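Remarks on the structure that follows.
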Amino acid sequence: MLTFLLLLQAAAPQRPAQLTQFLQQSIGFEAAQLDAVERGEPVVKVLDTRDDYFRALRDFPTSLRTSTRPHFGIFSTPAGEADVATLTVTTRDVADMKDCKPGDCVAKLPATDMRRIHDETNWSAPAADIQAQLSAYARRRLVEYVTDYRRRGDSAMALYDDRGNVTVRSSEAFAAQFAESPYVYQTVPSLQKYFADYPRGALPPGASEIIFWSEDVLPHLRPILSVTHLMVYTPPELPGMTLAAAKQLYANHYFETAIDLTSAVDRGQGETIYVVVLRRYRFDNLPGGILNIRGRAIGALRDQLSNDLKRQQGQH
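Following the working numbering, the numbering of the sequence shown begins with 2 at its first residue and continues without gaps.
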């Protein structure tokens with residue numbers, strides 16, 4: 002079985018060190034191929050099987066890096082503050098958090114956290130100190146959140162009290178999104194069962210999983226801080242497929258829930274594979290009209306998907 006990786010690079014002053022590491026260690030690029038990329042020439046790399054494709058994805062510290070993701074971290078077991086050491090609340094969010102209250106908050110948070118932030122933060126301090134206080138709070142709460150999720154599963158997932166009098170339960174939003182995706186849970190019932198039963202169910206044989214946080218910066222939107230549960234495995238009901246399934250556990254802006262599925266499927270001829278990417282998001286009540294935040298978010302997500310496909314693999 003052959004898999005072709007097509008890499009294209011737009012003009013750039015310097016190739017990022019992380020990309021060089023990924024291409025050398027995970028994909029097996031040689032010096033001549035790296036030089037061709039630097040010159041902006043398309044490079045085609047033949048990979049042996051779909052397993053090689055996902056072996057590269059399982060190199061999580063490298064594969065999670067993208068051009069729109071300046072910061073991320075993988076949670077250890079147990080989770081600790083070292084896992085979130087580089088997390089910093091953005092200056093834009095810091096400026097707006099002083100007015101945050103249940104039903105009207107710039108960040109998606111439970112009401113209990115909004116009140117705690119309001120009461121525990123010294124708002125008369127310099128802006129840099131306020132940012133340090135809020136960042137320390139965010140780091141501590143994410144560690145607590147991941148620890149609780151690993152213990153209680155969906156029961157621990159976030160509540161969002163940022164808009165109006167409606168509390169959004171992210172676990173219910175995720176379950177509803179899965180229910181609206183019969184082509185997923187009917188085709189791959191083991192995936193739905195694993196996420197629904199987590200952490201009580203056993204990890205499927207051969208599977209790898211992590212929980213990670215990330216900050217994604219998309220054009221015309223606030224930077225998005227999110228926490229994601231990612232699993233890579235071959236479903237027992239579909240031995241010819243390898244699947245990477247990402248479940249959003251938390252996002253501080255725009256999204257009540259999200260699921261990202263990337264599958265590599267044997268073509269059946271023993272020569273190549275198909276790569277299929279499905280991303281579903283449930284937005285909160287984003288305004289349209291003059292602001293058109295919803296339209297900007299959809300456009301940014303579409304561009305992100307296109308860029309990720311170009312960055313990862315193009316199969317022929």
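All C-beta atoms, glycine included, are put in the ideal place defined by N, C-alpha and C. Keep in mind that this is a model prediction, so the values were computed, not measured.
Asked: Output the distance between the C-alpha atoms of Y138 and E145, rounded to the nearest integer angstrom.; Found: 11 angstroms
Asked: Going by the DSSP bridge assignment, what does S172 pair with across the sheet?; Found: For S172, which the question treats as bridged, DSSP gives no partner whatsoever.
Asked: Less than 7 angstroms separating the beta-carbons of T175 and T229?; Found: Position check: residue 175 holds Phe in this sequence, whereas Thr was assumed. It is not a contact, given that the beta carbons lie outside the stated cut-off.
Asked: Out of V95, A247, I225 and T87, which one is the CA nearest neighbour of F179?; Found: A247
Asked: Opposite E210 in the DSSP bridges: which residues?; Found: M232
Asked: Under 6 angstroms Cβ to Cβ from V169, same chain only, skipping five residues before and after it: list those, please.; Found: Y161 and E257
Asked: In the DSSP assignment, what residue or residues form a beta bridge with G74?; Found: W214
Asked: I need the DSSP call for Q132, collapsed to helix, strand or coil.; Found: helix
Asked: Give the DSSP-derived three-state secondary structure of T258 in the structure shown.; Found: strand
Asked: Please tell me whether L192 has its Cβ less than 7 angstroms away from any Cβ of chain B.; Found: Among the chains in the structure shown there is no chain B, since it carries only a single protein chain.
Asked: Alpha carbon to alpha carbon, what distance is there between G165 and P79?; Found: 36 angstroms
Asked: If I measure Cβ to Cβ from P103 and keep anything under 7 angstroms in the same chain, skipping five residues before and after, which residues do I get?; Found: A112, M115 and D162
Asked: Given that a residue counts as buried once 16 or more other Cβ atoms are within 10 Å of its Cβ, and exposed if not, what is A159?; Found: buried
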